[in-house]
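Student: I'd like to ask you about the structure that follows.
Residue numbers (our numbering): 914 to 1196.
In structure tokens form, the structure reads like this:
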């Protein structure tokens, strides 16, 4: 290969790299994203109307004005891939780092087996509960309450945190996917954001009286161990509406509210959506 051919090839490659870098910069600058790029994080974005966005190959729903949301699972990998296609342009790939988190791990050995695994007679009930919850989490509606600034559903002492896990008799149990707020039975529980009630079950095996709210675009809240449900499936709620009373139902060890947030199948940290409770609020 002569020098002119090599030079021409290098020029073409340089032009491609330059245009690729420019396209990446343009795609990056066209997005405004708020949230923490960490395991359990929730990102609310704003794109130019008409833009298409994918997360690791999954097409995201965008509002007419370009708002979208995505969630990073408790065990999300070290990086994710965003594909952005501006109106009239080719798609651009953006790599985004995801910060790891350290979770509280508690090991307890020597427990009776009935404290480690549920009895066989309730397994079918547990499976039925799981199907109902999975269906509520799978909803992909055009509700746009996901972009509201969330509020704590109640105020109290934080008694359990997202991501913690117990290993019982050497058997890893499901991590804790919510934030627990220790409050007396009967404490008022308010909608952390607007949406549609997607599940209202009076008595699930693990979570007792359980309420789920669809905030739109795959983002949902679950409020567990309640003593009374004050809303029903299909009902629209606004942020701050009274929706339930806290309790100790299901497999709870004490009165508290367990608040969980999911983005489809991704388990995300509700505490990252709200400001820390002050000591005055927690009283």
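Glycine included, each C-beta is placed from N, C-alpha and C at the ideal position. Note that the coordinates shown come from a computational prediction; the quantities given were computed from them, not determined experimentally.
1) Would you mind stating whether residue 1112 and residue 1049 have Cβ atoms separated by less than 8 Å?
2) Identify whether residue 1061 lies in helix, strand or coil by the three-state DSSP scheme.
3) Can you tell me whether residue 1168 is buried or exposed? The criterion is at least 16 other CB atoms within 10 Å of its CB, across all chains shown.
4) Could you check how far apart the C-beta atoms of residue 986 and residue 1179 are, in whole angstroms? I think they sit under 8 Å.
5) Taking all protein chains shown into account, decide if residue 1173 is buried (16 or more other Cβ within 10 angstroms of its Cβ) or exposed.
6) Using a Cβ-Cβ cut-off of 7 Å (strictly less than) and excluding sequence neighbours within five positions of residue 1185, which residues of its own chain qualify?
7) Cα-Cα, which of 983, 1159, 1133 is closest to residue 1106?
8) What first and last residue would you give for the alpha helix (DSSP H) that runs through residue 1050?
9) As a quick exercise: from 971, 1070, 973, 1065, pick the residue whose alpha carbon is nearest that of residue 1097.
10) If we count the other Cβ atoms within 10 Å of its Cβ and call it buried at 16 or more, is residue 1023 buried or exposed?
11) Please tell me whether residue 1108 and residue 1127 are closer than 8 Å, where the distance is taken between their beta carbons.
12) Residue range of the beta strand (DSSP E) that residue 946 falls in?
13) Return the first residue and the last residue of the beta strand (DSSP E) that residue 1005 is part of.
14) Would you mind stating whether residue 944 and residue 958 have Cβ atoms separated by less than 8 Å?
15) Within its chain, find whatever has a CB closer than 7 Å to the CB of residue 930; leave out the 5 residues flanking it on each side and keep chain order.
16) Identify whether residue 1186 lies in helix, strand or coil by the three-state DSSP scheme.
17) Give the straight-line distance between the Cα atoms of residue 1115 and residue 1091, rounded to the nearest whole angstrom.
18) So the candidates are 1059, 969, 967; which of them puts its Cα closest to the Cα of residue 1183?
19) Please report the distance separating the alpha-carbon of residue 990 from that of residue 1014.
20) Report back the beta-carbon spacing between residue 1100 and residue 1163 to the nearest angstrom; my notes put them in contact at under 8 Å.
21) For the beta strand (DSSP E) that contains residue 1093, what are its first and last residues?
22) How big is the Cα-Cα spacing for residue 1124 and residue 994?
23) Work out the CA separation of residue 1010 and residue 999 for me, nearest whole Å.
Tutor: So, from the data block:
1) For this step, residue 1112 is matched to residue 199 along the chain shown. For this step, residue 1049 is matched to residue 136 along the chain shown. In terms of Cβ geometry, residue 1112 and residue 1049 form a close pair [threshold 8 Å].
2) Within the chain shown, residue 1061 is the residue found at index 148, counting from 1. In this structure, residue 1061 counts as coil in the three-state DSSP scheme.
3) Along the chain shown, read from residue 1 onward, the residue named residue 1168 stands at position 255. Of the residues assessed, residue 1168 falls on the buried side of the cut-off, its CB having 16 or more other CB atoms within 10 angstroms.
4) Within the chain shown, the letter at position 73 stands for residue 986. Within the chain shown, the letter at position 266 stands for residue 1179. Right, their Cβ atoms sit about 4 Å apart.
5) If you number the chain shown from 1, residue 1173 lands on position 260. Note on residue 1173: 16 or more other CB atoms within 10 angstroms of its CB, so buried under the neighbour-count rule.
6) Taking the chain shown and counting its residues from 1, one reaches residue 1185 at position 272. Excluding residues within five positions, the ones whose Cβ falls inside 7 Å are 949, 953, 954, 955.
7) The residue given as residue 1106 occupies position 193 in the chain shown. If we check each option's Cα against that of residue 1106, 1133 comes out closest.
8) Counting from 1 along the chain shown, the entry for residue 1050 is found at position 137. Element bounds for residue 1050: 1036-1050.
9) As a first step, residue 1097 must be located in the chain shown, where it is residue number 184. When only C-alpha atoms are compared, the closest one is 1070.
10) Position 110 of the chain shown, counted from the first residue, corresponds to residue 1023. It is exposed - the Cβ of residue 1023 has fewer than 16 other Cβ atoms within 10 Å.
11) Numbered from its first residue, the chain shown carries residue 1108 at position 195. Numbered from its first residue, the chain shown carries residue 1127 at position 214. The answer is yes: Cβ separation under 8 Å.
12) Here the question's residue 946 lines up with position 33 in the chain shown. Unbroken beta strand (DSSP E) run through residue 946: 945-947.
13) Against the chain shown, residue 1005 aligns to sequence position 92. Element bounds for residue 1005: 1005-1010.
14) In the chain shown, counting from the first residue as 1, residue 944 sits at position 31. In the chain shown, counting from the first residue as 1, residue 958 sits at position 45. Contact: yes.
15) Taking the chain shown and counting its residues from 1, the one referred to as residue 930 is at position 17. Because residue 930 sits at a pLDDT of 40, beneath the cut-off of 50, its placement in the model cannot be relied upon, and the following sentence gives the value as read from the coordinates. There are no such residues.
16) For the purposes of this step, residue 1186 is taken as the residue at position 273 of the chain shown. Assigned with DSSP and collapsed to three states, residue 1186 falls in helix.
17) For the purposes of this step, residue 1115 is taken as the residue at position 202 of the chain shown. For the purposes of this step, residue 1091 is taken as the residue at position 178 of the chain shown. C-alpha separation (whole angstroms): 19 Å.
18) As a position in the chain shown, residue 1183 is number 270, starting the count at 1. Of the candidates 1059, 969, 967, 1059 places its Cα closest to the Cα of residue 1183.
19) Looking up residue 990 in the chain shown gives position 77. Looking up residue 1014 in the chain shown gives position 101. Residue 990 and residue 1014 have their C-alpha atoms some 11 Å from each other.
20) Along the chain shown, one-based indexing puts residue 1100 at 187. Along the chain shown, one-based indexing puts residue 1163 at 250. That belief does not hold up - the Cβ atoms of residue 1100 and residue 1163 are roughly 16 Å apart, past 8 Å.
21) Counted from its first residue, the chain shown places residue 1093 at position 180. Residues 1091-1095.
22) Indexing the chain shown from 1 puts residue 1124 at position 211. Indexing the chain shown from 1 puts residue 994 at position 81. If I take the Cα positions, the gap works out to 33 Å.
23) Residue numbering aside, residue 999 sits at position 86 when the chain shown is read from its first letter. Residue numbering aside, residue 1010 sits at position 97 when the chain shown is read from its first letter. Rounded to the nearest angstrom, the two C-alpha atoms are 22 Å apart.
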